[in-house]
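Chemist:
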Amino acid sequence: MHIGCHLSTSDGFLAMGQTALSIGADTFQFFTRNPRGSRARQIDPDDAQALMDFMKEHRFARIIAHAPYTLNPCSIDERTRQFALDTMKDDLQRMEFTPFQLYNFHPGSHTGQGIEKGIEEITKLLNSIITQAQSTTVLLETMAGKGTEVGSRFEELQAIIDGVELKDKIGVCMDTCHIFDAGYDIRDNWNGVLSEFDRIIGIGNLKAVHLNDSMNGLGSHKDRHQKIGEGSIGLEALRRIARTPELSGLPFCLETPNDLDGYRREIEMLSAQ
Ligand code: FE
Ligand code: FE
Ligand code: ZN
């Protein structure tokens, strides 16, 4: 089992790896730029390479770069979609400084156009930014289904994947808080939910997990993360998920409301025998 948490990028790549290791993690997630989606900081190629060496030395799982969550690839507004496209395209170029890692994004909100139109826009955007030459795998995050969010049903994610031409460059990141809020009962029926995922999307397309408890109930469509064991999913179910044998190679990343010490404790709780 590989586990880590969301980290701040402020001190650069290698520093994130060192911070992760210091709290018992062997993977982590970071934002590619600030959530407002403004200019990204300059990448130092030596720092990026130093992280890659460090990860190899300490047997890290793949790391997750998270796109700004404010992007909306399926907005009704053309400029909003274009901004998402430009930002993600730039992110994917920057990702090549840390090759063969994961780039996660929120499929977005259709803002009234309807799910099908939303799916079409997301697919179109992905086909115009994903290249054969890239080493990065792009991940669609499972969503809670608040407002007009696309991607809260496995069928919707699969419809997007169906439309993507370069299928070996795309996968899914499962967020436990989001799918629970979307109505998938991972607390009492994890095996059933995982089988459903496998039947609709294919377990081989699952490349990462965001491990979060939820402040709200099954099917609430809320998306409020809670600390592990303090929400409605609970420690027992989250431990079971993190220990799923078929998922042992994937990065599990905490996005719980915590400081570094809180993350250290959660990593300990989840990995203790
Ligand atoms: Fe996310
Ligand atoms: Fe998430
Ligand atoms: Zn969330």
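Residue numbers for the sequence shown follow my numbering, so the first one is 241 and each next one is one higher. In this text, a Cβ means the ideal position worked out from N, Cα and C, and glycines have one as well.
Does DSSP put Val433 in a helix, a strand or coil?
Modeler: Here residue 433 corresponds to residue number 193 of the sequence shown, with the count starting at 1. Looking at Val433 - three-state DSSP - the assignment turns out to be helix.
Chemist: Looking at chain C, is there any beta carbon in it that lies within less than 8 Å of the beta carbon of Met335?
Modeler: Here there is only one protein chain, and chain C is not present.
Chemist: Between which two residues does the beta strand (DSSP E) carrying Gln269 extend?
Modeler: For the purposes of this step, residue 269 is taken as the residue at position 29 of the sequence shown. That run of the beta strand (DSSP E) goes Phe268 to Phe271.
Chemist: For Gln341, which residues in the same chain have their Cβ closer than 7 Å to its Cβ, ignoring the five residues on either side in sequence?
Modeler: Here residue 341 is taken as the residue at index 101 of the sequence shown, counted from 1. Excluding positions up to five away in sequence, the list reads Arg302, Ile303, Ala305, Met335 and Thr376.
Chemist: Check for me: the alpha helix (DSSP H) holding Gly403 runs from which residue to which?
Modeler: Position 163 of the sequence shown, counted from the first residue, corresponds to residue 403. Gly403 -> alpha helix (DSSP H) spans Phe394 to Gly403.
Chemist: Mind checking whether the beta-carbon of Asp421 lies closer than 7 Å to any heavy atom of ligand 2?
Modeler: In the sequence shown, residue 421 corresponds to position 181, counting from 1. No, since every heavy atom of ligand 2 falls outside the 7 Å radius drawn around the Cβ of Asp421.
Chemist: Our contact map puts Tyr503 next to Cys245 with C-beta atoms below 8 Å; I'd like the distance itself, whole angstroms only.
Modeler: As a working mapping, residue 503 is identified with position 263 in the sequence shown. As a working mapping, residue 245 is identified with position 5 in the sequence shown. Rounded, the Cβ-Cβ distance is 4 Å, consistent with contact.
Chemist: Rounded to a whole number of angstroms, what is the C-alpha to C-alpha distance between His298 and Glu318?
Modeler: If you number the sequence shown from 1, residue 298 lands on position 58. If you number the sequence shown from 1, residue 318 lands on position 78. Their backbone Cα atoms lie some 44 Å apart in a straight line.
Chemist: Going by DSSP, which residues form a beta bridge with Asn344?
Modeler: If you number the sequence shown from 1, residue 344 lands on position 104. Beta-bridge pairing links Asn344 to His306 and Leu379.
Chemist: My guess is that Leu380 and Gly391 are in contact by the Cβ rule of under 8 Å, so how many angstroms apart are they, rounded?
Modeler: Position 140 of the sequence shown, counted from the first residue, corresponds to residue 380. Position 151 of the sequence shown, counted from the first residue, corresponds to residue 391. Right, their Cβ atoms sit about 6 Å apart.
Chemist: Give a single yes or no on whether Asp415 has its beta carbon closer than 7 Å to a heavy atom of ligand 1.
Modeler: Position 175 of the sequence shown, counted from the first residue, corresponds to residue 415. True, at least one ligand heavy atom lies under 7 Å from that Cβ.
Chemist: Any contact between the stretch 352-368 and the stretch 399-418? By contact I mean 3 or more CB pairs, one from each, below 8 Å.
Modeler: Contact between the stretch 352-368 and the stretch 399-418 is present, because at least three Cβ pairs lie under 8 Å.
Chemist: Grouping DSSP H, G and I as helix and E and B as strand, with all else coil, what is Phe492?
Modeler: Stepping through the sequence shown from its first residue, residue 492 is reached at position 252. It is a strand residue.
Chemist: Comparing alpha-carbon positions, which option in Ile316, Glu395, Phe271 and Gly474 lies nearest Met455?
Modeler: Position 215 of the sequence shown, counting from 1, holds the residue named residue 455. Nearest C-alpha to Met455: Gly474.
Chemist: Considering only the alpha carbon of each residue, which of Pro339, Leu487 and Tyr309 lies closest to His346?
Modeler: As a first step, residue 346 must be located in the sequence shown, where it is residue number 106. Selected option, being the one with the closest Cα: Tyr309.
Chemist: Using 8 Å as the threshold, is the C-beta distance between Gly348 and Ser315 below it?
Modeler: Counting from one through the sequence shown, the residue named residue 348 turns up at place 108. Counting from one through the sequence shown, the residue named residue 315 turns up at place 75. Yes; because the gap between Cβ atoms is below 8 Å, this pair is in contact.
Chemist: Give a yes or no on whether the C-beta atoms belonging to Thr351 and Thr382 are separated by under 8 Å.
Modeler: Here residue 351 is taken as the residue at index 111 of the sequence shown, counted from 1. Here residue 382 is taken as the residue at index 142 of the sequence shown, counted from 1. Cβ distance not < 8 Å, so Thr351 and Thr382 don't count as in contact.
Chemist: Going by C-alpha to C-alpha distance, which of Ile410, Pro285 and Asp421 sits closest to Thr371?
Modeler: Taking the sequence shown and counting its residues from 1, one reaches residue 371 at position 131. Of the listed residues, the one whose Cα sits closest to Thr371 is Ile410.
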